[in-house]
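Visitor: Can you keep this structure in mind? I'll have questions shortly.
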Amino acid sequence: MIRALIVDDEPHAREELEALLNETGAIEVVGSSANALEGIKAINTLRPEVVFLDIHMPMINGFEMLAMVNQEVMPHVVFITAYDEYSLKAFEEKTLDYLLKPVEPERLTKTISKLQELLRSGPAPSYEVAPIHRIPCFVGQRVRLICLRDVEYVSTSVAGTQVCTADACFYTEITLKVLEERAGLHRCHKQYLVNMESIQEIIFLPNGAAEILTLSNHKIPVSRRYLKSLKQKLLL
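Residue numbers for the sequence shown follow this note's numbering, beginning at 1 and rising by one.
Next comes the structure, spelled out in structure tokens:
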């Protein structure tokens, strides 16, 4: 059985697709998410082999969501869309396949056959993704999009990944590695990334490490391992 995740903001569409996938006998639906941020969390925790991903979702569309997934856990992707104009774009993104809503069982069977063949002999999934310009974060039952210019630093702990602005910190499902690679934030510590535009001072410590003082007077650590690259970035 192929482990699958469905990401679609329409409850009826999710239920209909799950029923079709279950009828094939080849797919085990391990999760169903109503938005991109829930989808990223599900990918990180459930590790599906394929995600059936709606393109046209509010706030964060399917293409933007792909840019926020760590390559190490990236599943194969089948885009779901009701809009024909997205079809060519889906292939340009080198996804496995796309399905038009309403999904036809015969077309779904062809997609599953393609997926089975790819899982047997094909390479691991890898997609060309765009840079991240806004970071989605949970705020209660809502999702807030934090513009990169407002981010001072990002940190991770057992509680999760926090995106911190001058005024507050918010939790996101995007990993430090993805934010470092695709959002242009700079690694200063194993557990911290910093926005270079938010650095007010660097305080050098006797042990060879340092601290960053941000524009809003947050202090964040700089480990000895990353101090050299930070100084090079700042032309110090």
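Idealized CB from N, CA, C, for every residue including glycine.
Note that the structure is predicted; figures quoted are calculated from it, not measured.
Assign Ala166 to one of two classes, buried (16 or more other C-beta atoms within 10 Å of its C-beta) or exposed (fewer than that).
Guide: Exposed is the call here.
Visitor: What residue range does the alpha helix (DSSP H) around Leu119 cover?
Guide: Segment Pro105 to Ser121, the alpha helix (DSSP H) holding Leu119.
Visitor: Could you tell me if Asn217 is buried or exposed, where buried requires 16 or more neighbouring beta carbons within 10 angstroms of its beta carbon?
Guide: Exposed: under 16 other Cβ atoms inside 10 Å.
Visitor: Only counting runs of 3 or more residues, tell me where the beta strand (DSSP E) segments fall wholly within the stretch 33-103, in order along the chain.
Guide: With a minimum length of 3 residues, the continuous beta strand (DSSP E) runs that stay inside the stretch 33-103 are 50-54, 76-81 and 97-100.
Visitor: Once you ignore the five residues that flank Leu21 on each side, which residues in its own chain have a CB closer than 7 Å to its CB?
Guide: Around Leu21: Ala4, Ile27 and Val29.
Visitor: Considering only DSSP beta bridges, list what His189 is partnered with.
Guide: Beta-bridge pairing links His189 to Tyr192.
Visitor: For Gln232, report the span of its alpha helix (DSSP H) as first-last.
Guide: Looking at the DSSP string, the run of the alpha helix (DSSP H) that includes Gln232 is Arg224 to Lys233.
Visitor: Could you tell me which residues DSSP puts in a beta bridge with Ser155?
Guide: Looking at the DSSP assignment, Ser155 forms a beta bridge with Gln162 and Tyr192.
Visitor: What is the rounded straight-line gap between the Cα of Tyr127 and the Cα of Pro206?
Guide: So the two alpha carbons sit approximately 44 Å from each other.
Visitor: Candidates Val178, Gln141 and Gly39: which alpha carbon is nearest Ile132's?
Guide: Out of Val178, Gln141 and Gly39, Val178 has the C-alpha closest to the C-alpha of Ile132.
Visitor: How would you call Thr95, buried or exposed, if buried means at least 16 neighbouring beta carbons within 10 angstroms?
Guide: Under this definition Thr95 is a buried residue.
Visitor: My understanding is that Val73 touches Gly39, with C-beta atoms under 8 Å, so please give their C-beta distance in whole angstroms.
Guide: Contact doesn't hold; Cβ gap of about 12 Å is too wide.
Visitor: Between Gln71, Phe79, Val194 and Ala42, which lies nearest to Leu148 when the distance is taken from Cα to Cα?
Guide: Here the closest residue by C-alpha is Val194.
Visitor: Write down the C-beta distance between Arg182 and Val139 rounded to the nearest angstrom, noting that I regard them as a contact closer than 8 Å.
Guide: Between Val139 and Arg182 the Cβ distance is about 22 Å, and since that is not below 8 Å, they are no contact.
Visitor: Check whether the stretch 10-18 and the stretch 40-51 are in contact - that is, three or more C-beta pairs closer than 8 Å.
Guide: Cβ pair count under 8 Å is below three, so no.
Visitor: Between the Cα of Leu115 and the Cα atoms of Ser33, His76, Val151 and Leu66, which residue gives the shortest distance?
Guide: For the residues Ser33, His76, Val151 and Leu66, the minimum Cα distance to Leu115 belongs to His76.
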